[in-house]
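Just below is one structure, and these are the notes that go with it.
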Amino acid sequence: MGDASDFELSRRGVLTAGAAGAALAAHPLAAAAQGAAPVAAPPTMPVRLTVNGRPSELTLDTRTTLLDALREHMNLTGTKKGCDHGQCGACTVMVEGKRINSCLTLAVMHDGDRITTIEGLGTPDKLHPMQAAFVKHDGYQCGYCTPGQICSAVAVLDEIKRGVPSHVQADLTRKPQATNMELRERMSGNICRCGAYSNIADAMAEVAGA
């Protein structure tokens, strides 16, 4: 076996040969790219949003989801990106008072809309009643899904108050009640991997006065 200098030369030779090979492999691709048509810039549109009471004007790629507009362009990172397929509910926000999965809708579709995220519900010094109830009943657990859970919970109680029916309601002609089954059915689109469902239902029941 050679000494250290022989090994060093061999190692350098391998690295040099590898770099040269990569350059040769890239050369025909670079040549092809020079003859290709230039890639057009993605289309953009101005979007006006009122988020948590504050008006904002953005110029966004038309493919930008509302979730990415909030997180990447407005630095409102309380709203979480979970599955990014509308199945977990971590991205739930309220648009014009109604809850939606912000990962499934484009920001340009909400030009002029009023949007409420978890940052707009309360502050550390003055929690929203639902936030305080989640803390009291340990409904937040690890906390990742909590912003979406709380936004959804607030919207659920508003739905019940307005008399919006659900699939588990026995009599659709009567006003729904904030029963445990009713709350669980309405919150079924918000997934919690920690399994804090019972605590979340208790927190919602307390706020509902049930």
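Okay, so the sequence shown: first residue is 48 according to my numbering, each after it adds one. Glycine residues also receive a C-beta, built at the ideal position from the N, C-alpha and C atoms.
Three-state secondary structure assigned by DSSP to residue i
| i | result |
| --- | --- |
| Asp218 | coil |
| Ile238 | coil |
| Glu143 | coil |
| Val211 | coil |
| Pro102 | strand |
| Tyr244 | helix |
| Lys128 | coil |
Those residues which DSSP pairs with residue i across a bridge
| i | result |
| --- | --- |
| Asn148 | Thr139 |
| Asp108 | Thr91 |
| Arg161 | Thr97 |
| Leu153 | Thr112 |
Cβ-Cβ separation, residue j to residue i (assumed contact under 8 Å), whole Å
| i | j | result |
| --- | --- | --- |
| Thr111 | Leu153 | 7 Å |
| Ile162 | Thr97 | 7 Å |
| Ala202 | Lys145 | 7 Å |
Neighbourhood of residue i by C-beta, 7 Å cutoff - its chain only, sequence neighbours within 5 removed
| i | result |
| --- | --- |
| Tyr191 | Lys127, Ala137 |
| Glu104 | Pro93, Arg95 |
| Asn237 | Gly136, Thr139, Cys192, Gly195, Gln196, Ser199 |
Beta carbon proximity, residue i to chain D, threshold 8 Å
| i | result |
| --- | --- |
| Pro93 | Among the chains of the structure shown, chain D does not appear; only one protein chain is present. |
Neighbourhood of residue i by C-beta, 8 Å cutoff - its chain only, sequence neighbours within 5 removed
| i | result |
| --- | --- |
| Glu229 | Ile207, Ser213, Val215, Gln216, Pro223 |
| Thr109 | Pro89, Pro90, Thr91, Met92, Leu153, Val155 |
| Ala116 | Val94, Leu96, Leu105, Leu107, Ala154 |
Contacts around residue i, its chain only, beta-carbon distance under 6 Å, and the 5 residues preceding and following it disregarded
| i | result |
| --- | --- |
| Glu7 | Residue 7 is absent from the structure shown; the chain starts at 48 and stops at 257. |
Residue i: CB within 7 Å of a non-hydrogen atom of the ligand NAD
| i | result |
| --- | --- |
| His132 | Ligands displayed in this structure: none; no statement on the ligand NAD is therefore possible. |
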